[in-house]
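See structure below.
In the working numbering, the protein residues as written are -14 to 839.
This is the structure:
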């Protein structure tokens, strides 16, 4: 990436926050993002441009609404370029609808991100003070997390403002605000009352390092091609994975053995059966026989099941229901017992015997292999390609464990959601036929987490005073402890003094609360004015990676709790990757803060930010080396408008986006071209009409061929913008605008009129003004700062006192359309006859001819 540092120009006028920027100052000679982006956002916000109430002040208001929520960023840290893509797309949609006169609400918010936030706070607590979470009380630790939330939440909101997001800050919500928390409690109680939430023992993804169940989205699959040594939390030495171990079980009552293969030999202490395919000829003679367990006093039945893969390993499978999802399902079909041999802390349980009790699971693996070898039952080990589930938060290897948890019956809700949709497919722009699959094929959802940060589950364990069964679990739920107490007394037929209540210390999965966002943000369960006006949301726009974890759950929860789909359309965008096509990761050094692209940053400061982060020393070295290679001179100042325009210039639906800073820099050059064009336009008026207060007027005289041509090209651009927005193909809109401004307007029209400017009777000025002002309005949803700055300066051409109306802003002006693209040209000229571009090419290379140019 080659670039040279551009001159930075500061807006030096002391404009009070919220006051309108002074655009009567001399026009700077070159474009500077720092100058352009100063002061506009506070003025927009103070004027209330981003609230739906502004609709009452718009002369072009229509009786239609447009509502959307921003996917609430996690308060784990600051925003990255993936978030910037979301903002660029959503703000373009929102701003255009607002300029079309819609009553628009775009609600900002942040997600508490239970497990992710707790993890980063624990890490900081240990790094800065050498303390673990367990060294503090729950209340003390939560105080630390709230401090973190305040800091990061403010940073995120600052970033959103810097990105120009026209969010309604008066409606901002956090998923643990009191009102939102009440909605979460209400949802839980209602779903429990309807039997859709239940408590049961089930197999969950368990992180031994966190000692908590985690969601599927927090599980990364590490692909191994064979033997691989990996670092695992809690182990001094790296642990071996990617091997298949084969050992034998002796057949009881006869000679012979059954060899089984596994990547998890340590779990053989929990084996309860051996399964073979009923049609596998190798094992038909031993159907119904039993094998002896070499380390436990029990027999393992040999059962048949068609789900067994005869081609994998030996074709015989050890069955460990308490530690394998497939085996768990098999145990349900065959009524097999489930033996938990690995505890929540990752050590072997007493069921394994004294020789293994308390031993860490991967240390136990080696001891089991040694013991099998000693008993002459070990049959070998070989490389084996496999997918290893790893906790994305802790780096720990996931352990499937049987735990009593709270679950949501997703199957019933999915069926009802599909019935409400009533179509073969939800309207998924760019991703057809996905929604029915992801909603329909879902298992029950574990929603309890063994954390401190989050919504504590509003369920209470009931202990009856006269009960002697300490293992018995009696539960009630309620919107408050008082309500739960009333429910318990009625449910168990006892008086209030005959039992005690203990609230479940666990918290709800973050995806449960975020699944309520489209309606909880509008005040549900209260029937607020916002809920009546803006629910269902008009559209949901989000990353394609969230369709299973967030979108599907919002559809199910929204349909169940409100009786309506939470949004009418779903627009999915692709993931942002670096210029090499790699997923962005802090450890790779390719995660970029949008503000670093907007304001620019030196390589030295980039490296300092890595050192200030939470990476281990080895990862820091890798990240810093990548930065030195990709950003040897740092990142240039590109500005918000260039970043937004670049992000929207990619085809957002389909393949992932490989973004490079050089592409953003190219858009900065386009910004400079716009700047110089408007500067020329203003100079043109001042040079040839120094005392004339220009007022765009109806042009009754016929346009010449060149004027007709450029108006025709502009009309075509307006049409392309309308069509692109209707199809949500923003890349086609930016391409049309870029082409018109650079090619049609600058390369052809301006070059044609320059030699004959002194002969202008006012028509050229009107056409040029028209082309520039319409283009600025069309570009405004993508480039809000630059277009506002330039439009306000154009507005000065209207004469003295043109800036007296401080509430006049491009952000809320009427956007040009093919219905009325130019109020200053007579209806007969709104659709000029097409003129071939080639007709004017000689003009660009030779003297102007009056017959062709004005």
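Heads up, the beta-carbon is just placed ideally off N, CA and C, and yes, glycines get one too.
Quick caveat, the model's predicted, so the values are computed rather than measured.
For the candidate residues the options, whose alpha-carbon lies nearest to that of residue i?
i: residue 280; options: 146, 256, 221 and 752; result: 256
i: residue 845; options: 469, 550, 14 and 298; result: Past the boundaries of the shown model lies residue 845; the chain is included only from -14 to 839, so the question cannot be answered.
i: residue 361; options: 450, 341, 288 and 235; result: 235
i: residue 754; options: 798, 670 and 795; result: 670
i: residue -3; options: 8, 179 and 637; result: 8
i: residue 270; options: 278, 294 and 243; result: 243
i: residue 307; options: 35, 324 and 157; result: 324
i: residue 253; options: 351, 617 and 488; result: 351
i: residue 432; options: 556, 248, 172 and 459; result: 172
i: residue 467; options: 485, 602, 458 and 454; result: 485
i: residue 27; options: 206, 20, 475 and 1; result: 1
i: residue 517; options: 51, 39, 15 and 138; result: 51
i: residue 32; options: 6, 49 and 13; result: 6
i: residue 438; options: 503, 131, 380 and 19; result: 131
i: residue 393; options: 182, 143, 374 and 751; result: 182
i: residue 46; options: 586, 797, 642 and 186; result: 797
i: residue 292; options: 651, 282, 319 and 569; result: 319
i: residue 23; options: 804, 4, 39 and 34; result: 4
i: residue 804; options: 296, 85, 305 and 487; result: 85
i: residue 388; options: 16, 595 and 189; result: 189
i: residue 608; options: 626, 458, 576 and 664; result: 576
To which residues of the same chain is residue i closer than 8 Å at the C-beta, ignoring the five residues directly before and after it?
i: residue 706; result: 718, 721, 722 and 763
i: residue 463; result: 174, 443, 445, 469, 470, 471 and 472
i: residue 395; result: 427, 428, 429, 430 and 541
i: residue 695; result: 729, 730, 733, 734, 752 and 756
i: residue 562; result: 568, 569, 641, 642, 643 and 644
Assuming contact is defined by CB atoms lying nearer than 8 Å, are residue i and residue j in contact in what I supplied?
i: residue 69; j: residue 148; result: yes
i: residue 349; j: residue 333; result: yes
i: residue 40; j: residue 116; result: no
i: residue 96; j: residue 527; result: no
i: residue -6; j: residue 30; result: no
i: residue 106; j: residue 250; result: no
i: residue 766; j: residue 49; result: no
Which residues in the same chain have their Cβ closer than 7 Å to the Cβ of residue i, if we skip the five residues on either side of it in sequence?
i: residue 715; result: 74, 77, 633, 637 and 709
i: residue 816; result: Note that residue 816 has pLDDT 44, beneath the 50 cutoff, so the model's placement of it is unreliable and the number below is only indicative. Within the same chain, residue 816 has close Cβ partners 700.
i: residue 483; result: 449 and 450
i: residue 72; result: 145, 148 and 150
i: residue 285; result: 234, 256, 257, 258, 259, 275, 276 and 278
i: residue 582; result: 620, 623, 628, 646 and 649
i: residue 401; result: 544 and 545
i: residue 43; result: 86 and 797
i: residue 123; result: 437
i: residue 435; result: 196, 197, 198 and 491
i: residue 580; result: 144 and 147
Reducing DSSP to helix, strand and coil, say where residue i ends up.
i: residue 811; result: Because the pLDDT of residue 811 is 36, which lies under 50, any placement of that residue in the model is unreliable, and the question is left without a value.
i: residue 481; result: helix
i: residue 178; result: helix
i: residue 102; result: helix
i: residue -9; result: coil
i: residue 169; result: helix
i: residue 96; result: strand
i: residue 303; result: strand
i: residue 188; result: strand
i: residue 323; result: coil
i: residue 710; result: helix
i: residue 48; result: coil
i: residue 692; result: helix
i: residue 89; result: strand
i: residue 435; result: coil
So, for residue i: in the same chain, excluding its five sequence neighbours on each side, which residues have a beta-carbon less than 6 Å away from its beta-carbon?
i: residue 912; result: Outside the shown range of the chain (-14 to 839) lies residue 912, about which nothing can therefore be said.
i: residue 169; result: 440 and 498
For the ligand NAD, any of its heavy atoms closer than 7 Å to the Cβ of residue i?
i: residue 164; result: Looking for the ligand NAD in the displayed structure turns up nothing, as the structure carries no ligands at all.
At least one CB of chain B closer than 8 Å to the CB of residue i: is that the case?
i: residue 67; result: The structure shown contains no chain B; it is built from a single protein chain.
Sequence ranges, alpha helix (DSSP H) only - wholly within the stretch 712 to 786, length at least 4: The stretch 712 to 786 contains these whole alpha helix (DSSP H) runs: 715 to 724, 748 to 764 and 769 to 780.
Which parts of the stretch 345 to 396 are runs of the beta strand (DSSP E), unbroken and 3 residues or longer, counting only runs that do not cross its ends? 363 to 368, 371 to 376 and 384 to 393, all fully within the stretch 345 to 396.
Beta strand (DSSP E) segments (min. 3 residues) lying fully within the stretch 513 to 576: Listed in chain order, they are 522 to 528 and 552 to 558.
In chain order, each beta strand (DSSP E) run of at least 3 residues that lies wholly inside the stretch 451 to 499: Counting only runs that start and end inside the stretch 451 to 499, the beta strand (DSSP E) elements of at least 3 residues fall at 459 to 462 and 484 to 488.
Kindly provide the ranges of any beta strand (DSSP E) runs that are 3 or more residues long and lie completely inside the stretch 223 to 303, ordered along the chain. If you keep only unbroken beta strand (DSSP E) runs of at least 3 residues inside the stretch 223 to 303, you get 224 to 226, 228 to 235, 242 to 247, 258 to 261, 275 to 277 and 284 to 289.
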